[in-house]
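Inspection log for the structure reproduced underneath, given as structure tokens.
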Amino acid sequence: MTKPEFIRAVTPQFKTRYENYIGGEWGPPTKGRDFHNSSPVN
480 MTKPEFIRAV TPQFKTRYEN YIGGEWGPPT KGRDFHNSSP VN
């Protein structure tokens, strides 16, 4: 019987800023402002 191989866990990379998808296009906030959104993931 062969030993099982284990794959090392990979930490996902998250962007610091996201754009909005409106009208079929990605774009920054209209007024150039954004806000901090705490994620329960990290």
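Just so you know, we're using this note's numbering here: the sequence shown kicks off at 480 and counts up by one.
Even for Gly, the Cβ is constructed at its ideal location relative to N, Cα and C.
The three-state secondary structure of E498, taken from DSSP, is coil. The beta carbon of K494 sits closer than 8 angstroms to no other beta carbon from its chain once the five residues preceding and following it are set aside. For G506, the enclosing beta strand (DSSP E) has its first and last residue at E504 to G506. Closest in alpha carbon position to H515, among Y497, G503, I486 and G502, is Y497.
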